[in-house]
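Worksheet for the structure shown next.
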Amino acid sequence: TIIFKGSTRMNHNCTKYPRSWFALDANIDPANIQIPISATMKNTEGKTVVAGLAWRDSKTLDSLKIYPVFLSPLQNTADPIVMSATGILQYNADTKEFQIASPDKLLNRGEIGSYISLHTETCALNGDGKINLGLDYGDVKVDAVGIVNYDPKKNETSMNITAKFNMPLDKSLMQDLSTKLVVVEGLKPLDFNSTTIEQAAVEWAGREAADKMKSAYTINGEMKIPKEMESALTITGLKLVSFEPRNMLEKGLISNMENAAIVTMYGKPMFKMVPMKAFFQQTSSEVAEDKFGLQINIPTLDYYFDYSMDKKDGLLRIISGDPDFVNAVNGIKNDKRKIKNFTYQIETGSIYLSKFLRYFGK
Numbered sequence: 057t058i059i060f061k062g063s064t065r066m067n068h069n070c071t072k073y074p075r076s077w078f079a080l081d082a083n084i085d086p087a088n089i090q091i092p093i094s095a096t097m098k099n100t101e102g103k104t105v106v107a108g109l110a111w112r113d114s115k116t117l118d119s120l121k122i123y124p125v126f127l128s129p130l131q132n133t134a135d136p137i138v139m140s141a142t143g144i145l146q147y148n149a150d151t152k153e154f155q156i157a158s159p160d161k162l163l164n165r166g167e168i169g170s171y172i173s174l175h176t177e178t179c180a181l182n183g184d185g186k187i188n189l190g191l192d193y194g195d196v197k198v199d200a201v202g203i204v205n206y207d208p209k210k211n212e213t214s215m216n217i218t219a220k221f222n223m224p225l226d227k228s229l230m231q232d233l234s235t236k237l238v239v240v241e242g243l244k245p246l247d248f249n250s251t252t253i254e255q256a257a258v259e260w261a262g263r264e265a266a267d268k269m270k271s272a273y274t275i276n277g278e279m280k281i282p283k284e285m286e287s288a289l290t291i292t293g294l295k296l297v298s299f300e301p302r303n304m305l306e307k308g309l310i311s312n313m314e315n316a317a318i319v320t321m322y323g324k325p326m327f328k329m330v331p332m333k334a335f336f337q338q339t340s341s342e343v344a345e346d347k348f349g350l351q352i353n354i355p356t357l358d359y360y361f362d363y364s365m366d367k368k369d370g371l372l373r374i375i376s377g378d379p380d381f382v383n384a385v386n387g388i389k390n391d392k393r394k395i396k397n398f399t400y401q402i403e404t405g406s407i408y409l410s411k412f413l414r415y416f417g418k
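Shown next, in the form of C-alpha cells:
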C-alpha cells in the first residue's frame, strides 16, 4: 500500500467529460487501484466534481438539457443532479470502463446503491440506482429507480425506470380505478426481466422484501407489494428519452414505448402492462413551472393526468372518457380535493390533452 496525497484525474479522450484534477489523500494498492470518491470531492479550483447526469438550469430554452459529467464540475452549481454515484473508482480493463460504486455494488450490480461507468472507447455513460428527475413538483413527489444511459453520438439520455407518484388523490378513487383496470381483457402481465421493478424494490424495501415479492409473483402468481412501494400510482417499465426538439419550446423527458406497467394504486396491486404515454417538462428554476403529463389509454377507458406548477401551487387536471370515474371525482367536495398546495379537478376542455399528444407527433 502506498500513501497518496495530492491530486489526480482520469486518463481518457472523451471530450464531453472535462477532465478535472481533484484532491486525493488515501492509501492505494498499486496492484488494485481503487480511489475513494465522495459527494463532497472538489477539484483544484475548489469546485465540486460529480459523476453522473445533471440538468442545465438556464433561462435560455435552448440550453435546458441533460448533460453528462464524470468527475467533472457542474456547468452551473445550481444544476439539479439527475443521478450520481460515490464510493470507489476503479478501471475495468476487460470492459474498458471507469466504474464508480460502493465496493459491494462493484462486485454485484444487484446490490443496493448507485453505479456509474464511463466506457473509454465509446464515451457512453451508463448507470443504475436512484434517479432524481430533477423536477420540482411541490407537494407531488416522484421517486424513481432504474437504469440510465447517455449516448454521446446522439447526445441523448435514455432511462428505464420504476416511479412512485406520491400525490394526495382520494385513496378509494384510485383503488377503484385499479380494480376496474386489472380485469380488462388482453392486458399483458408485468415482466420482471424487462422492467426495473426488482431493482426498485431492493432500493426502497431491501433485498429480502424484493425476493419475496418476485418469488410470490413468478411462482404463485401472487401480487404482494412491499409497503415502501405503495403510492397513489406506482409504474414500472417506463422508458424515457431526452426531449429537446428545436421546433418546440418545451424540453424534458418523453416516453418512447407504447406501454408501461401499473404496479399499484394506493396499495391495490395490478401488475399489468397498459398503453401509456408520459412527458416530464423541465423549466428553469426562475420560472418554477415544471409539469408532467401521463396518459393511460385503454379502449373505452382513457385517463389523462396533466399536472403543472404555478410558483408553489400545483394543479392536477384530469381528462377522462370514463363517466363513472368523472362522476366519482366530481362527487368529492371541493375542499377535499385541495390538500395543502395541491388541487385536483376534472377538466372538460381537450386543449391540455391535444398539446400533450403534439409532443408525440399526434
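Under my numbering, think of the first position of the sequence shown as 57, with each following residue one higher. Even glycine gets a Cβ: it sits at the ideal position worked out from N, Cα and C. Please read these numbers as outputs of a predicted model, since none were measured by experiment.
Sort out for me which residues DSSP pairs residue i with in a bridge.
i, result
"residue 363", "348 and 372"
"residue 140", "108"
"residue 88", "85"
"residue 175", "153"
"residue 195", "Residue 195 pairs with nothing; no bridge assigned."
"residue 358", "353"
"residue 255", "According to DSSP, residue 255 bridges with nothing at all."
"residue 203", "184 and 216"
"residue 315", "331"
"residue 308", "299 and 337"
"residue 98", "104"
"residue 116", "Partner(s): none; residue 116 has no beta bridge."
"residue 321", "324"
Is the Cβ-Cβ distance between residue i and residue j less than 8 angstroms?
i, j, result
"residue 317", "residue 223", "no"
"residue 333", "residue 237", "no"
"residue 414", "residue 401", "no"
"residue 63", "residue 79", "yes"
"residue 253", "residue 218", "yes"
"residue 308", "residue 299", "yes"
"residue 190", "residue 171", "no"
"residue 127", "residue 110", "no"
"residue 323", "residue 281", "yes"
"residue 138", "residue 73", "no"
"residue 143", "residue 156", "yes"
"residue 320", "residue 290", "yes"
"residue 384", "residue 232", "yes"
"residue 404", "residue 371", "no"
"residue 215", "residue 98", "no"
"residue 407", "residue 240", "no"
Within the continuous alpha helix (DSSP H) that includes residue i, where are the two ends?
i, result
"residue 50", "Past the boundaries of the shown model lies residue 50; the chain is included only from 57 to 418, so the question cannot be answered."
"residue 229", "227 to 238"
"residue 274", "263 to 276"
"residue 414", "407 to 414"
Could you check how far apart the C-beta atoms of residue i and residue j are, in whole angstroms? I think they sit under 8 angstroms.
i, j, result
"residue 192", "residue 365", "7 angstroms"
"residue 258", "residue 168", "6 angstroms"
"residue 310", "residue 335", "5 angstroms"
"residue 261", "residue 286", "10 angstroms between Cβ atoms; not a contact."
"residue 362", "residue 349", "5 angstroms"
"residue 377", "residue 346", "Wrong, their Cβ atoms sit about 27 angstroms apart, outside the cutoff."
"residue 297", "residue 315", "With 8 angstroms as the limit, residue 297 and residue 315 do not qualify as a contact, their Cβ atoms being about 15 angstroms apart."
"residue 91", "residue 174", "Not confirmed; about 14 angstroms, so no contact."
"residue 76", "residue 105", "5 angstroms"
"residue 185", "residue 201", "7 angstroms"
"residue 305", "residue 360", "With a Cβ gap of about 21 angstroms, residue 305 and residue 360 do not count as contacting."
"residue 326", "residue 228", "That belief does not hold up - the Cβ atoms of residue 326 and residue 228 are roughly 16 angstroms apart, past 8 angstroms."
"residue 194", "residue 397", "6 angstroms"
"residue 154", "residue 66", "6 angstroms"
"residue 340", "residue 113", "6 angstroms"
So residue i is in the beta strand (DSSP E); what residue range does that whole segment cover?
i, result
"residue 421", "Residue 421 is absent from the model: the chain starts at 57 and stops at 418."
"residue 343", "Premise fails: residue 343 is in no beta strand (DSSP E) and is neither H nor E."
"residue 135", "From DSSP, residue 135 is part of no beta strand (DSSP E); its letter is neither H nor E."
"residue 63", "58 to 64"
"residue 399", "398 to 402"
"residue 73", "Where residue 73 is concerned, there is no enclosing beta strand (DSSP E), given that its DSSP letter is neither H nor E."
"residue 220", "212 to 222"
"residue 164", "Taken as a continuous stretch (DSSP letters only), residue 164 belongs to no beta strand (DSSP E), as it is neither H nor E."
"residue 439", "Residue 439 is absent from the model: the chain starts at 57 and stops at 418."
"residue 295", "289 to 299"
"residue 383", "Element bounds for residue 383: not the beta strand (DSSP E) but the alpha helix (DSSP H), 379 to 386."
"residue 123", "122 to 129"
Report task. Could you say if the stretch 202 to 209 and the stretch 149 to 167 meet the contact criterion of at least three C-beta pairs nearer than 8 angstroms? Result -> no
Query raised in the report: Is it a yes or a no for the stretch 113 to 124 touching the stretch 76 to 92, going by three-plus beta-carbon pairs under 8 angstroms?
Result: no
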